[in-house]
Amino acid sequence: MGRQLTGYAAAVRLGWAVSSNWTRPLLFVVYSVLRPISMALILAVMYTVVTGNAAATRPYLAFLIIGTAFWSFIQEGVSEFATGILEDRGRYHILKYSYMAPLGFPIFLVGRATSKLASAAASVVIVLVVGTVALHLDIDPLRINYPLLVAACLLAFVSVIAFAITLSMVLLAGKDTHGYGEIMAQFLYLFSGAIFPISVLPGPIAWLASLSPLPYWLELCRRAILHGRVYQMFPEISDTEVLLRLLVATAGTVLLGYFLYRLTDRRARRLGYIDMEANW
Amino acid sequence: MIAEQRFNVSPLRIFFKTIVARAYPRVVAANRQKTWLFFDMAFPVVGALAMVLVYQGLHAPRQYLGFVIMGGAMLAFWQNVLWSMAAQFSWDRGNGTLELYVISPTTFEGVLLGMALGSMFTVTLRAGAILLVGSLFFGITYAAGGTLPAIGVFLLTLAALYCLGMLLASLFLFYGREAWHLSNAMQEPINFLSGLYFPVHALGAYVGGAASLVPMTLGLDAMRQLLLPGTPVFIPAGTETLLVAAQIPIFALLAGISLRYMESRARADGKLVTRWE
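One line per chain: the protein sequences are A and B, in this order.
Sequential numbering from 13 applies to the first sequence in my numbering.
Sequential numbering from 21 applies to the second sequence in my numbering.
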């Protein structure tokens, strides 16, 4: 157990170093928040252009900004993580050593994913602060339902990590899959209720989206931060019921991820994907 | 005698042969590699689709969907400029091609122009597909009378955009791991500043004016004014066209100066052959 923890901590440190040591810390922070802030500004301008910033539509602006802020976890946890694993193999040629290390490959992957989620946390906070100050969202840190927010985020992180690990194992099969993590994050963007309610989607796709843990997670984040003063995707169900749905969807994601991981891992070993020369 | 003739090829001929040689893989290989085809089209389509659904969630007029589809098509070019022009020398250095460019009798300008022309052709086909499918799917109509002027503005915008790409390529010559992050960092802020998904008018005079340094901002706004009547006017389309046309020689000149300077610095610092940074 001690060795596993040490290995996990080393993987987190490695992930953090690879993500951040290409520049100075301050520039890294600016880089980390550029994308989510720009995204939030795009949505804020689109909202203003259409609604004229009418008071009656303010809950929808809060919906957009909170969804965009928390999306950083998916961006980092899925897209950046998958890119990182593919870089480890194709660019730095270190993935095979991580695989051979005694701590167990899944622990290494979970450690790398943890560092990505940790680096996203700063941008979530900064986007929310910018939203509060510049866009006058009614966010009060003293009125946030922290237990609900933490419970929702922990469950979501478990499912994001499970999904990201499975995705990166699948992507190892390709020689030129760099960028596919980004595409996958964009697809999730459509089905997560981050910037529009999933009810806007066509019927069967909306139903598929309702199987994902992401809409429930984002709904709980919004309710925890601005309960009653934000547009709700599931107004007819209580916080507890949304949490329960998140729990079930997370369990399903982890279970499916586990089977797919076993399958792709066996295939990767058999076909030599772990140390395959990718065209970097 | 034959060998002597071979070495007496004029520099101009080498320059044009370089352009053709560098454009060739951009046109042929890019279509041979099916995963790139998917990637080049999926990213702008998914991004545009997300924004269309946001507008639908806001119950916006149909005209706004046209803004998004046109923005999505232009996004394909900006993506290409960032990843296949600006960051290209960084990838080339990593795989050892950059040093071959340097010891060959050609110029960086020829290589970059070849990359730009090849990319323009390939991405225009893909952006056209995005525009066509998006417009048909969401039932967007355009003003027929504005089509020819819009094509003219589009060609000028492309020329200016790829000259900017050449300038960025020279600036990125020094970067290793940073090149990837810089391209990444320039994506979403430029999407915002150039008004890819909303009329530039909404940014106001100062922000919109600053954003006009990116040719896509003015070019896209002019094309929207010509093709989607009722687009809020930032600057009249004629003036925007003139400004975009003026950006072409400016960016080309700056790219040439920057290339010379960065190349000499890179030679002095041994950066042309550095790998695995």
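Every residue gets a Cβ at the ideal spot worked out from N, C-alpha and C, and that includes glycine.
Quantities reported herein were computed from a predicted structural model and do not represent experimental measurements.
- W34 of chain A belongs to the set of residues whose beta carbon lies under 8 Å from a beta carbon in chain B.
- Of the candidates B:L273, B:Q267, B:Q207, B:Q207 places its Cα closest to the Cα of I49 of chain A.
- Here DSSP, grouped into helix, strand and coil, assigns R241 of chain A to coil.
- The stretch 82 to 107 of chain A is shown to contain whole alpha helix (DSSP H) runs of 4 or more residues at 93 to 102, in chain order.
- Neighbourhood of F254 of chain B in chain A, by CB distance below 8 Å: empty, with the nearest CB roughly 13 Å away.
- Listed in chain order, the positions of the stretch 39 to 60 of chain B with a beta carbon within less than 9 Å of a beta carbon of chain A are Q53, T55, W56, F58, F59.
- For V66 of chain B, the nearest CB of chain A lies under 8 Å from its own CB, placing it at the interface with that chain.
- A direct Cα-Cα distance of roughly 8 Å separates V137 of chain A from A81 of chain A.
- Nearest C-alpha to T189 of chain A among A:I106, A:G102, A:G64: A:G102.
- Among the residues of chain A, those whose CB is under 9 Å from the CB of N211 of chain B are S50, M51, I54, following chain order.
- Taking 7 Å as the cut-off between beta carbons, the residues of the stretch 190 to 211 of chain B near chain A are R197, E198, H201, A205, E208, P209, N211, in sequence order.
- L262 of chain B: member of the alpha helix (DSSP H) spanning 257 to 289, first to last residue.
- In the DSSP assignment, G284 of chain A falls outside any alpha helix (DSSP H) and carries neither an H nor an E.
- Scanning chain A for C-beta atoms nearer than 7 Å to the C-beta of V74 of chain B yields L55, M58, I207, F208, reported in chain order.
- For G215 of chain B, the secondary structure class from DSSP, reduced to helix, strand or coil, is coil.
- Under the Cβ criterion of 8 Å, L274 of chain B is not counted among the residues facing chain A.
- For H190 of chain A, the secondary structure class from DSSP, reduced to helix, strand or coil, is coil.
- In the assembly as shown, V153 of chain B is an exposed residue. Its beta-carbon has fewer than 16 other beta-carbons within 10 Å.
- Contact between A52 of chain A and Y192 of chain A does not hold, since the beta-carbon distance rounds to 25 Å and is not under 8 Å.
- Residues of the stretch 157 to 183 of chain B whose Cβ lies closer than 9 Å to any Cβ of chain A: none.
- Going by DSSP, T177 of chain B is part of the alpha helix (DSSP H) stretching over 167 to 191.
- A Cβ-Cβ distance of about 5 Å is found for the pair V88 of chain B and V72 of chain B, placing them in contact under the 8 Å criterion.
- Under the three-pair Cβ rule at 8 Å, the stretch 250 to 266 of chain A counts as touching the stretch 227 to 240 of chain A.
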